[in-house]
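For the protein sequence lines, the chains are A and B, in the order given. Numbering-wise (my numbering), the first sequence opens with residue 86 and increments by one. Numbering-wise (my numbering), the second sequence opens with residue 24 and increments by one. Heads up: the structure comes next, in structure tokens.
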Amino acid sequence: MTRRIAVRVAEAAASLVVFLVAWKVLTVVTGTPEYILPPPEIVGERALTAIDSGLLWEHVAATLQEVVLGLALGAATAVAVGVALGKSLLVERVLSPYIVAAQAVPVLALAPLLDLWFGGGLLARVLVCALIVFFPIAIATMVGVRSADPLLREMLRSLGATPGQVTRWLEIPSALPVIFGGLRVGVTLSVIGAVVAEWVSASVGLGVLINIADQGLFDTPLMFVALAALAVIGLGLYGLVVLVERRLLATA
Amino acid sequence: MFQQAHAGTEAADTPRQSGLGLTGVRLTGVGHAFPLPRGELTALEDVDLEVPAGSFTAIIGPNGCGKSTLLRLVAGLLMPTQGSVELPDANGAAAPRAGDGQTGLAFQQPRLMPWLSTLENVALPLTLAGAPAAERRGRAELALERVGLAEAADLRPADLSGGMAQRAGLARALITDPPILLLDEPFSALDALTREAFDDQLQRLWLELPRTVLFVTHSVSEAIRLADRVVVMSARPGSVADVLPVDLPRPRPVQSVDPAVAALDAAVRAALARSRPPELTDWTEGAA
Numbered sequence: 086m087t088r089r090i091a092v093r094v095a096e097a098a099a100s101l102v103v104f105l106v107a108w109k110v111l112t113v114v115t116g117t118p119e120y121i122l123p124p125p126e127i128v129g130e131r132a133l134t135a136i137d138s139g140l141l142w143e144h145v146a147a148t149l150q151e152v153v154l155g156l157a158l159g160a161a162t163a164v165a166v167g168v169a170l171g172k173s174l175l176v177e178r179v180l181s182p183y184i185v186a187a188q189a190v191p192v193l194a195l196a197p198l199l200d201l202w203f204g205g206g207l208l209a210r211v212l213v214c215a216l217i218v219f220f221p222i223a224i225a226t227m228v229g230v231r232s233a234d235p236l237l238r239e240m241l242r243s244l245g246a247t248p249g250q251v252t253r254w255l256e257i258p259s260a261l262p263v264i265f266g267g268l269r270v271g272v273t274l275s276v277i278g279a280v281v282a283e284w285v286s287a288s289v290g291l292g293v294l295i296n297i298a299d300q301g302l303f304d305t306p307l308m309f310v311a312l313a314a315l316a317v318i319g320l321g322l323y324g325l326v327v328l329v330e331r332r333l334l335a336t337a
Numbered sequence: 024m025f026q027q028a029h030a031g032t033e034a035a036d037t038p039r040q041s042g043l044g045l046t047g048v049r050l051t052g053v054g055h056a057f058p059l060p061r062g063e064l065t066a067l068e069d070v071d072l073e074v075p076a077g078s079f080t081a082i083i084g085p086n087g088c089g090k091s092t093l094l095r096l097v098a099g100l101l102m103p104t105q106g107s108v109e110l111p112d113a114n115g116a117a118a119p120r121a122g123d124g125q126t127g128l129a130f131q132q133p134r135l136m137p138w139l140s141t142l143e144n145v146a147l148p149l150t151l152a153g154a155p156a157a158e159r160r161g162r163a164e165l166a167l168e169r170v171g172l173a174e175a176a177d178l179r180p181a182d183l184s185g186g187m188a189q190r191a192g193l194a195r196a197l198i199t200d201p202p203i204l205l206l207d208e209p210f211s212a213l214d215a216l217t218r219e220a221f222d223d224q225l226q227r228l229w230l231e232l233p234r235t236v237l238f239v240t241h242s243v244s245e246a247i248r249l250a251d252r253v254v255v256m257s258a259r260p261g262s263v264a265d266v267l268p269v270d271l272p273r274p275r276p277v278q279s280v281d282p283a284v285a286a287l288d289a290a291v292r293a294a295l296a297r298s299r300p301p302e303l304t305d306w307t308e309g310a311a
């Protein structure tokens, strides 16, 4: 087990090294100026100063908070609505046009409206994340609930199970693998939502940092630092979801 | 194998307390039709059947004769589209309702929840009824012991053999001690020897605990070995073609040289042959 983990870490490290070398070679060969494509060591240096000064952490913390709260809110609502959609054709017929429409309108276009309605604070940004996360998880839950084995359904009915008990004992457990599929998609979407929301209105966050670095300072290395931080947040949360999924579904 | 400790030989000598606080099954003019996109499919027609409390009744018949539909009607999973189904006991007769605790069902497939342990699966009827954890555990352990699965309590269904899973399904049907057991080909997916052993233990279990049993099967010898009465059903739309009493001493052995058994076997097969749809008779003549 530990050996397998060591091999995994080595693989990841090797691929990171290859990526950094390719990046460096690209900057040298093309002779691209630093303010357009900074080489990796300059970005690394910039990252260290940004960490030292506490600048990076301040923005990471703000974005991370939005991403996690948005994901939690969006996922919780999505599972509840997804169960209702899955259990009742009537609910699906009535609700699904609105859900699909909300998904079809780009979140970038909805963010200013949410900002207007919810007063431009943290709540507005969390709602943007929740909105973008909602769709894939709700649809996954609905599909999962419907895929519950009809033979087990009949067995539960013969035991006098209430609709709520059928959800608790059959539908949610059956749907868990696909719900986690939706969560994996949702976690990365939540990061997108946070950045979009920060562009619309925020004074702190990685989206804000990118804007500052771009427009105010022409600090391209700092932009790269912010992008890398977003990638790390996405990867980290994705990994966390996979970990929870493995724990929870290992026995099923 | 079922546990021997609980089904020792002394069980056979214990007089059965038949008819005491038991529930029977009564079907009067029962018909059931399933709606189809065009018209309907009549699964059962004009079924009259009186199952005495505490008796073991085998139901046998060709494919699609509505045997499973009949069990679902008795379980209250389906409502008859004609006639009435009643469960008469000392206090009167009520129509069955799914989850009324009157019936325990075991199916052809064990139908276990893959994400629950064997113990949790067996305890499910109590869990749904809101029984406290300690009671659930105790009674589930007892039910598992009864079918010889005590060691498998913490295993997941995926880790059980086909026979073990089938016994777990049976334990789940037994855990609430329902007065009526409905068994829908519970051992049909098992190999012949395992099935005979399971039949043997089912017979002992039934001799120990008086219960009304409706046992659907495709096997003539299984029906004769287990049942007090064999109900032969006709092809679709299903109805009762024949009821043959089996007056043989218990416990009955796997193989018997008793000429009465051979005679019964021939009688059930003859009734089955009559009940078969005509277009199939020629095709299966050699087998019959």
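Beta carbons are placed, not taken as given, at the ideal position from N, Cα and C, and that holds for glycine.
Contact check, residue i vs residue j, beta carbons under 9 Å
i              : j              : result
Y120 (chain A) : F303 (chain A) : yes
L45 (chain B)  : P155 (chain B) : no
V236 (chain B) : L206 (chain B) : yes
V218 (chain A) : A196 (chain A) : no
A188 (chain B) : P133 (chain B) : yes
A215 (chain A) : L158 (chain A) : yes
E283 (chain A) : A147 (chain A) : yes
L170 (chain B) : Q224 (chain B) : The question names Leu, but residue 170 (chain B) is Val in the sequence shown. Going by C-beta atoms, V170 (chain B) is nearer than 9 Å to Q224 (chain B).
L172 (chain B) : R190 (chain B) : yes
A250 (chain B) : T80 (chain B)  : yes
E143 (chain A) : V289 (chain A) : yes
T51 (chain B)  : V108 (chain B) : yes
A152 (chain B) : A163 (chain B) : no
A293 (chain B) : A196 (chain B) : no
R49 (chain B)  : L93 (chain B)  : no
G185 (chain B) : L213 (chain B) : yes
I245 (chain A) : V152 (chain A) : Looking at the sequence provided, one finds Gly at residue 245 (chain A) rather than Ile. No, they are not a contact pair.
L154 (chain A) : V211 (chain A) : yes
G229 (chain A) : S275 (chain A) : no
Residue burial classification, residue i (beta-carbon count within 10 angstroms, cutoff 16)
i              : result
G116 (chain A) : exposed
K109 (chain A) : exposed
G139 (chain A) : exposed
T247 (chain A) : exposed
D19 (chain B)  : What is shown of chain B runs 24 to 311, which leaves residue 19 (chain B) out entirely.
D137 (chain A) : exposed
G167 (chain A) : buried
P182 (chain A) : exposed
W202 (chain A) : exposed
D71 (chain B)  : exposed
G171 (chain A) : buried
P123 (chain A) : buried
Rounded separation between residue i and residue j - CA only
i              : j              : result
I222 (chain A) : R178 (chain A) : 18 Å
L261 (chain A) : M227 (chain A) : 11 Å
L193 (chain B) : R227 (chain B) : 14 Å
C88 (chain B)  : R259 (chain B) : 5 Å
P85 (chain B)  : A290 (chain B) : 16 Å
L174 (chain A) : M136 (chain B) : 25 Å
A314 (chain A) : G99 (chain B)  : 60 Å
L198 (chain A) : V285 (chain A) : 10 Å
R252 (chain B) : R238 (chain A) : 32 Å
S262 (chain B) : D222 (chain B) : 26 Å
L307 (chain A) : I295 (chain A) : 8 Å
W138 (chain B) : A175 (chain B) : 15 Å
G205 (chain A) : I297 (chain A) : 19 Å
R299 (chain B) : I257 (chain A) : 44 Å
P148 (chain B) : T199 (chain B) : 7 Å
S140 (chain B) : L183 (chain B) : 10 Å
T104 (chain B) : P233 (chain B) : 31 Å
D299 (chain A) : V128 (chain A) : 15 Å
T273 (chain A) : V102 (chain A) : 24 Å
G106 (chain B) : P191 (chain A) : 59 Å
beta-carbon residue i near the ligand NAP non-hydrogen atom, thresh 8 Å
i              : result
L307 (chain A) : Here there are no bound small molecules, and the ligand NAP is not part of this structure.
Listed in chain order, which residues of the region 223-251 of chain A have Cβ atoms closer than 7 Å to some Cβ of chain B?
L236, L237, E239, M240, R242, S243, L244, G245, A246, Q250
Report yes or no: do three or more beta-carbon pairs, one from the region 50-67 of chain B and one from the region 112-130 of chain B, lie closer than 8 Å?
The region 50-67 of chain B makes no contact with the region 112-130 of chain B: fewer than 3 CB pairs, one atom from each, lie closer than 8 Å.
Quick one: which residues of the region 118-135 of chain B get their C-beta closer than 9 Å to a C-beta of chain A? List them in chain order.
From the region 118-135 of chain B, only R120, A121, G122, D123, G124, T126, G127, L128, F130, Q132, R134, L135 have a Cβ closer than 9 Å to chain A.
Mind checking the region 145-168 of chain B against chain A and listing, in chain order, the residues whose C-beta falls within less than 7 Å of any C-beta there?
L147, P148, L151
Looking at chain A, which residues of the region 93-106 of chain B have a Cβ within less than 7 Å of any of its Cβ atoms?
Those would be A98, L100, in chain order.
Please list the residues of the region 259-281 of chain A that have a C-beta atom closer than 7 Å to any C-beta atom in chain B, keeping them in chain order.
From the region 259-281 of chain A, no residue has a Cβ closer than 7 Å to chain B.
Using a Cβ distance threshold of 8 Å, determine whether the region 260-276 of chain A contacts the region 308-326 of chain A, with at least three qualifying pairs required.
yes
Within the chosen definition, does the region 231-249 of chain B reach the region 276-296 of chain B through at least 3 CB pairs nearer than 8 Å?
yes
With 7 Å as the limit, tell me which residues of the region 191-207 of chain A have their beta carbon closer than that to any beta carbon of chain B; keep them in chain order.
none
Residues from the region 219-240 of chain B in contact with chain A, defined by Cβ distance under 7 Å
Residues: none.
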